[in-house]
Amino acid sequence: MIDVKKLRENPEIFYKVAENRFYGKEFIDRFFELDGKWRENLKQINDLKHEKNIATESISRKIKENADVETIKESVRELNNRISVLETEQKNIETERNSAVYAIPNLLHETVPICKGDENNRVVKTWGVAQVFRDDVPEFRNATNNAGQYMITEKKPISHVDLAEKLSLVDLERAGKVAGARFYYLKNRLLKLEMALENFAVDFLSERGFSVVEPPFMLNYQSMAGATDMETFRDTLYKIDGEDLYLISTSEHAIASMLRGEILDEKELPLRIAGFSPCFRKEAGAHGKDTKGIFRVHQFNKIEQFIFCREEDSWDFLEELLQNSEDIFRKLNIPYRVVNVCSGELGSLAAKKYDIEAWFGSQGKFREVVSASNDTDYQARSLDIRYRTKDGNRTPHTLNSTAIATTRVLVAIMENNQTDDGEGIMVPEALVPYTGFDLITSE
RNA sequence: GCGGGGAUGGCCCAGCGGUACGGCGGCAGCCUGCUAAGCUGUUUCUCAAUGAGAGCGAGGGUUCGAAUCCCUCUCCCCGCGCCA
56 MIDVKKLREN PEIFYKVAEN RFYGKEFIDR FFELDGKWRE NLKQINDLKH EKNIATESIS
116 RKIKENADVE TIKESVRELN NRISVLETEQ KNIETERNSA VYAIPNLLHE TVPICKGDEN
176 NRVVKTWGVA QVFRDDVPEF RNATNNAGQY MITEKKPISH VDLAEKLSLV DLERAGKVAG
236 ARFYYLKNRL LKLEMALENF AVDFLSERGF SVVEPPFMLN YQSMAGATDM ETFRDTLYKI
296 DGEDLYLIST SEHAIASMLR GEILDEKELP LRIAGFSPCF RKEAGAHGKD TKGIFRVHQF
356 NKIEQFIFCR EEDSWDFLEE LLQNSEDIFR KLNIPYRVVN VCSGELGSLA AKKYDIEAWF
416 GSQGKFREVV SASNDTDYQA RSLDIRYRTK DGNRTPHTLN STAIATTRVL VAIMENNQTD
476 DGEGIMVPEA LVPYTGFDLI TSE
């Protein structure tokens, strides 16, 4: 959530951000409407409680003096009634005011492009030599601002769906039978390749100063609500029936809420934590998109980078996270571009977000494989996480970035590393020590 | 799942109907040739702030007054049961 004090002091900043993000301003209006009443009520309640405390204290004194206390008791009962009426009203106002506050998005970093639509994300850089089918060259050149390196191929790579079927690497049909669309059985060498990716990423991040955790795969409402926003709840989260538990859609939320309600010491920061967990997503808004294969699924494994840091350091750490993720894709030799996501496509928690989009030859497109966000103090404030400094407590900044989302990276490998005859997949060199094989074929 | 014991400020711990004790740590100051020790203050949140209110795992209840008594729930520890 945003800083309410800052909102009271500088409403114009928040109105401007709402405009730049193409949000409605009604939540901010609603906040101010309710906040005035809230503060007025609070004053009244506190004054009455003050009166009550004085009366109550006088009772114990009078009892010692053997004086009569019945009339005072009666007046305190009267005060209690008035307080209780106001407090009930206050609770209602507060609930509404808070839901308005939660709906107000984070501030934006000055470098975020102000516009709508993914096509307006700013391309920051490109890396690698992509194999681009002849007909897709214009699209590729456009998507990289003519800066991407590529080799023209005379045939399109086989889609990962066809290739995986041919090589017995996934069973989508039976997964559909037992669980539904967007589920999969991952098989044989593709499973080993997945495990290799996971081990590779865990080792990689350990070397870069991350501690690694496998978090709970479910979180209670309070933790989930602190770590994410209502849009995410609605569109992506699975709820466990009859329990106060939600399946995580990313280990980010489990790591962020790990420190909920705690006060850290400034010296403990930064905290670099990598999470490894399955991610469960409803993909509610994605009907008809990427329906085939394992590109967009309800369940996949992910290694995630997460950082808690001092407020003054977070912009440097965003670059660090991006660099780590880029280095992973470089080691895997997957061509990609990096985009600075524009204001209209940014989630409400993020003040800035980079996406890494890998080249998928069969689709002739760059598609998202990594999201690196700086949520500044927004997420940590909702979770009531603070750190102690000489000059009092502050809210840390939190950042997160994908390292490896397994299914998408498997697809990227399948589409970028096909053998010339289209009958096999070459394992990226960096993974061979982990797989123990360098080729996946039908044998 | 059953029985017993717990949860108190950043940490440890006392209090068990009269408004949170003490210690450790942190910060500020005093003192000292420097350091250490010692001494003093401070340490969470909210508000229209020289003031006031809230806060003892969470939520209810009883009472003029609840950390303290009652109810529900959560988590931790010990034992029993079950179990990959």
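Using my numbering, you'd call the opening residue of the first sequence number 56 and step up by one each time.
Note that beta-carbon positions come from the ideal geometry of N, C-alpha and C, so glycine has one too.
The residue among Leu454, Arg237, Ser266 with its C-alpha nearest the C-alpha of histidine 308 is Leu454. Contact annotation: serine 456 and leucine 401 have beta-carbon atoms that are not nearer than 8 Å. The beta-bridge partner set that DSSP reports for proline 333 consists of Asn356. In the structure shown, arginine 315 falls within a coil segment according to DSSP collapsed to helix, strand and coil.
A check of alpha carbon separations from valine 396 across Pro193, Ala282, Gly172 identifies Gly172 as the nearest. Between the alpha carbons of valine 192 and proline 212 lies a gap of roughly 14 Å.
Around the beta carbon of threonine 431, 16 or more other beta carbons sit within 10 angstroms, so the residue counts as buried. The C-beta distance from tyrosine 205 to valine 225 rounds to 28 Å, too long to meet the 8 Å contact threshold. Between glutamine 99 and glutamine 145, the alpha-carbon positions lie close to 11 Å from each other.
Rounded to the nearest whole angstrom, the C-alpha separation of leucine 324 and alanine 251 is 31 Å. The residue among Arg263, Arg289, Ile318, Phe355 with its C-alpha nearest the C-alpha of serine 306 is Phe355. When beta bridges are read from the DSSP output, glutamate 323 appears opposite no residue.
Within the same chain, and ignoring the five residues on either side of arginine 336 in sequence, the residues whose Cβ sits closer than 7 Å to its Cβ are Thr291, Ser304, His353. With fewer than 16 other beta carbons inside 10 angstroms of its own, histidine 105 counts as exposed. When DSSP reads this structure, tyrosine 489 sits in no beta bridge, so it has no partner. The Cβ atoms of asparagine 379 and proline 483 lie no closer than 8 Å to each other. The beta carbons of glutamine 360 and alanine 458 sit about 5 Å from each other, so the pair counts as a contact at 8 Å. Setting aside the 5 residues that flank it on each side, aspartate 439 is surrounded in the same chain by Gly316, each with a C-beta closer than 6 Å to its C-beta; the list follows chain order. Rounded to whole angstroms, the gap between the alpha carbons of leucine 326 and histidine 215 is 37 Å. The C-alpha of isoleucine 114 is placed about 10 Å away from the C-alpha of glutamate 120. When the five nearest sequence neighbours on each side are left out, the beta carbons in the same chain lying within less than 8 Å of the beta carbon of isoleucine 127 are those of Ala110, Ser113, Ile114, Lys117, in order along the chain.
The shortest C-alpha to C-alpha distance from leucine 314 to any of Trp414, Asn197, Leu134, Phe363 is the one to Phe363. A straight-line Cα-Cα distance of about 10 Å links threonine 462 and leucine 246. In this structure, the alpha-carbon of phenylalanine 188 lies about 59 Å from that of lysine 445.
When C-alpha distances from proline 271 are compared across Ser312, Thr208, Lys180, the shortest belongs to Ser312. With fewer than three CB-CB distances shorter than 8 Å, the segment 466-477 does not count as touching the segment 254-269. In summary, glutamine 277 is exposed, with fewer than 16 beta-carbon neighbours lying within 10 Å of its beta-carbon over all protein chains present. Residue burial annotation: methionine 56 is buried, with at least 16 other C-beta atoms found within 10 angstroms of its C-beta. The alpha-carbon of aspartate 123 is positioned some 19 Å away from that of leucine 134. Secondary-structure assignment with DSSP links serine 428 through a beta bridge to Lys408, Asn455. With fewer than 16 other Cβ atoms from the protein chains shown falling within 10 Å of its own Cβ, histidine 342 counts as exposed.
Between serine 130 and the set Glu142, Leu103, Glu149, Ser154, the nearest pair of CA atoms involves Leu103.
DSSP links phenylalanine 361 through a beta bridge to Ile328, Asn455.
By the criterion of a C-beta distance shorter than 8 Å, leucine 486 is surrounded in its chain by Leu248, Ala251, Leu252, Phe255, Leu387, once the five residues flanking it on both sides are discounted. In this structure, isoleucine 310 sits away from leucine 162, with a CB-CB distance that is not shorter than 8 Å. About 19 Å separates the beta carbons of isoleucine 349 and phenylalanine 331, which is beyond the 8 Å limit, so they are not a contact pair.
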